[in-house]
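Chains as they are written, first to last, in the UniProt record's numbering: chain R, 1 to 405; chain G, 1 to 61. The structure appears below as C-alpha cells.
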Amino acid sequence: MTAPRITIVGASLAGLRTAEAVHAALPAARITLVGDEPLAPYNRPPLSKEAAETLARDTAAREAVFGKLLLRSKLSPAALSLRLGSGAVALEPGGVRLADGALVPGERVIAATGLRPRRLPLPGAEARRHVLRSFDDLVRLAPSLRPGARMVVIGGGFIGCEIAATGRKLGLEATIVEPSPQPMLRALGPRVAAAMAALHRAHGVVLLTGRSVAGFSDEGVILDDGQALAAEVIVEALGSHPNVEWLAGSGADLRDGVLVDDRMIAPGAEGLMAVGDVARFVNPLFGPEARRTEHWCVPGQTAKRVGETLAAEATGTALATRFAPMPSFWSDQHGMRLQAFGAPYLADACRVLEGELSLVGRAPVIVEYLRGGEPVGVLGLGANPAALARARARLDAALTETLTA
Amino acid sequence: MKVDVDMSICLLHGQCVIAAPEVFSFDDDGGLVWVAEVDEAQRADVEAAADACPEQAILLG
C-alpha cells in the first residue's frame, strides 16, 4: 500500500495540530498543509492584547512580535509540506484546487479553514476601518493605536472588549457600540455581563449599548439614533463567518461551518474531515445539538480526535471513547483575567460561588452557571487559579455524570 | 524526561493542570508547581500539556 496523501486546508493552530496528530497516527502519511496567508501557523489570541500593545508602542517590532506568535511544531520539515500564500477554492475528486490554479492531491482532505471577520456592508471611512483576525490586520491597525486617538469599536464581544481595553491601556479614547443591552451578553449572561460593563466603564471605556451603526462618514461613525462619533480608528468586531465556500457542492452540510460526526468526518462528502472553529459537532456533554465553538482549545481537541480516528481506521478498530471535550476560554481585559470552562452561554441561571460581582476587577470572583438546575459552566474573574481549578474539577465531574447517565 | 516552565511567559491559564494533573498543579496561593523529571510513561500527558499551553511556556527535554 502506498502512503496516504492527506491535505489539511488552513495553516492555522488547528491545521498545525492536526498535521501533528495525523503524523503521530500514520507516520508514513504524506501531509500537506495549505494556507492562504503567507505566514507559518501562528497564535491569534494575543492579536487583540499583548501583541497589539507591543506593536502599537513600536511599529518596527514586527518581527519580534511575530516571533512570539509563531507556533512551535514537533514536526520536522520533512514530515510536513507547507504550501502557503494561496488558499483553497474548491474540493475536487482528486484533491484541493488552490487560488493559484494548482491541484494539491489528497485522498483525505481536512478542513481547518476557520473564520473570517464579518464586515458591516456599509460604505465610507474605509481607510479608518479595521478588523482583527490576522497578523496582517494587526500590522495595519497598530500604527493608528496612538495616545489620544479616538477609537470606536463596533461590537461588544470578546475581541471588541479586548481591543477597547488595550486601546485604553495605550492612552486612546475608546467607545464600544453594542446593539444588545450589555457587552459579551450572550457568552456570559446578564449578571456577569453587567459586571464586566461596569469594569469597562471604570476604566474609561464609553459603552453605548442598545445602539448600532447606521453608516460611516469621513470623520467616523453614525449611529442608528443619528448620533455622530468622530473616530480616527474604527474596529469592526461583529463576529465571524466560517470559511466554507470552497466546499460548496462537496456534499457536506455547510450550514454554519462543516457538520462533522463524532469522528470529525463530514457526512455526505467522501474523504472530508473538519477541525477547529469551522467544525460543527455534537458535544454530548451539552445535549444533542451540533454547534461550532470558537475557543482556542477546540483546534487541539478536534485535531487529537482526527488522530484517534485515523489510528482506529488504520488498525480496523472502533474508537474507544466518545468525543466529549471540555470547552474552555479566557480573555484579558483591563489587567483582569476572565477564564471559563464548560458552556456558560447555555445557562439559564448563575450563582456566585466566591466573591461579589460588584467587586469585579478588585477582588476574585467565581461564578457557576446552571441550566435547569444542573451545572453547565464555571467562570473566574481575576480568580485564584487553584480555586478555579477546584471549581472546574467539580464541573468536570458533574458533566461526566450526565454523559454516563 | 525533563519538564520546565518558562515562568517569564506563563500566564497561569492552567491548561497544563487539566492536561497533566499528575505533573502540573497549583499551590494554595495560585502559583504553578510542576514535577521537573517525569517517567516516559507520562510523555503523552506532558506533551498534551505543552500543546495546550496558550503561551507555549512549557519546555520538554
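We put the beta carbon where it would ideally sit given N, CA and C, even for glycine.
Check residue i in the structure and name its three-state DSSP category.
i                : result
Ser76 (chain R)  : coil
Thr59 (chain R)  : coil
Ile31 (chain R)  : strand
Ser250 (chain R) : coil
Met184 (chain R) : coil
Ser12 (chain R)  : coil
Met264 (chain R) : coil
Gly215 (chain R) : strand
Ser86 (chain R)  : coil
Val46 (chain G)  : helix
Glu236 (chain R) : strand
His203 (chain R) : coil
Leu59 (chain G)  : strand
Leu208 (chain R) : strand
Leu359 (chain R) : helix
Val258 (chain R) : strand
Pro54 (chain G)  : coil
Pro123 (chain R) : coil
Leu69 (chain R)  : helix
Glu40 (chain G)  : helix
Would you give the residue range spanned by the beta strand (DSSP E) that residue i belongs to?
i                : result
Gly354 (chain R) : Note that residue 354 (chain R) is Glu in the sequence shown, not Gly. Counting along the chain, the beta strand (DSSP E) containing Glu354 (chain R) begins and ends at Ala349 to Glu354.
Gly380 (chain R) : Glu374 to Leu381
Arg150 (chain R) : Arg150 to Ile154
Val33 (chain G)  : Leu32 to Trp34
Ser144 (chain R) : Here Ser144 (chain R) belongs to no beta strand (DSSP E), and DSSP marks it neither H nor E.
Ser48 (chain R)  : No beta strand (DSSP E) contains Ser48 (chain R), which DSSP labels as neither H nor E.
Considering only DSSP beta bridges, list what residue i is partnered with.
i                     : result
Gly220 (chain R)      : R:Ala230
Pro105 (chain R)      : R:Gly95
Val367 (chain R)      : R:Val352 and R:Leu379
Thr7 (chain R)        : R:Thr32 and R:Val109
Ser81 (chain R)       : R:Thr32
residue 469 (chain R) : The requested residue 469 (chain R) is not part of the displayed model; chain R covers only 1 to 405.
Pro242 (chain R)      : R:Leu115
Relative to the C-alpha of residue i, which residue among the options is closest?
i                     : options                                   : result
Asp332 (chain R)      : R:Ala324, R:Gly307, R:Val360 and R:Leu353 : R:Val360
Leu379 (chain R)      : R:Gly372, R:Val365, R:Asp224 and R:Gly373 : R:Val365
Ile265 (chain R)      : R:Asp277, R:Ala88 and R:Ala252            : R:Ala252
Glu236 (chain R)      : R:Pro121, R:Val65, R:Gly276 and R:Trp246  : R:Pro121
Gly85 (chain R)       : R:Ala349, R:Ala318, R:Thr209 and R:Ser12  : R:Ser12
Leu247 (chain R)      : R:Glu92, R:Phe216 and R:Leu75             : R:Glu92
Pro46 (chain R)       : R:Arg291, R:Val282, R:Leu138 and R:Arg186 : R:Leu138
Gly372 (chain R)      : R:Leu33, R:Pro344 and R:Arg394            : R:Pro344
residue 428 (chain R) : R:Met336, R:Asp277 and R:Ala195           : Past the edges of chain R, shown from 1 to 405, lies residue 428 (chain R), and the structure says nothing about it.
Glu270 (chain R)      : R:Gly106, R:Leu82 and R:Leu39             : R:Gly106
Arg17 (chain R)       : R:Ala274, R:Arg62 and R:Pro190            : R:Ala274
Leu208 (chain R)      : R:Val104, R:Ile222 and R:Asp262           : R:Ile222
Ser134 (chain R)      : R:Glu245, R:Arg5 and R:Tyr42              : R:Tyr42
Pro267 (chain R)      : R:Ala193, R:Ser250, R:Arg44 and R:Arg292  : R:Ser250
Asp58 (chain R)       : R:Ser144, R:Glu356 and R:Val376           : R:Ser144
Val306 (chain R)      : R:His295, R:Ser328, R:Pro284 and R:Leu272 : R:Leu272
Val89 (chain R)       : R:Ala78, R:Gly101, R:Ala312 and R:Ala64   : R:Gly101
Glu47 (chain G)       : G:Ala36, G:Val17, G:Gly31 and G:Leu60     : G:Leu60
Cys350 (chain R)      : R:Thr7, R:Ala79, R:Leu188 and R:Gly94     : R:Leu188
Ala124 (chain R)      : R:Leu33, R:Leu39, R:Glu219 and R:Ala174   : The displayed chain sequence assigns Gly, not Ala, to residue 124 (chain R). Among R:Leu33, R:Leu39, R:Glu219 and R:Ala174, the Cα nearest to that of Gly124 (chain R) is on R:Glu219.
Glu401 (chain R)      : R:Ala79, R:His23, R:Gly300 and R:Ala324   : R:Ala324
Arg337 (chain R)      : R:Gly155, R:Ala383 and R:Gly67            : R:Ala383
Gly160 (chain R)      : R:Arg118, R:Ile8, R:Gly67 and R:Arg140    : R:Arg118
Alpha helix (DSSP H) containing residue i: first to last residue?
i                : result
Thr175 (chain R) : Here Thr175 (chain R) belongs to no alpha helix (DSSP H); instead the beta strand (DSSP E) covers Glu173 to Glu178.
Met7 (chain G)   : Where Met7 (chain G) is concerned, there is no enclosing alpha helix (DSSP H), given that its DSSP letter is neither H nor E.
Pro385 (chain R) : Pro385 to Thr404
Arg128 (chain R) : Taken as a continuous stretch (DSSP letters only), Arg128 (chain R) belongs to no alpha helix (DSSP H), as it is neither H nor E.
Leu138 (chain R) : Phe135 to Leu141
Arg118 (chain R) : Here Arg118 (chain R) belongs to no alpha helix (DSSP H), and DSSP marks it neither H nor E.
Ala19 (chain G)  : Gln15 to Ala19
Lys169 (chain R) : Phe158 to Lys169
Inset, instruction - At 3 residues or longer, and completely inside the stretch 273-356 of chain R: list those beta strand (DSSP E) runs for me, N to C. - result: 279-282, 290-292, 328-333, 336-342 and 349-354
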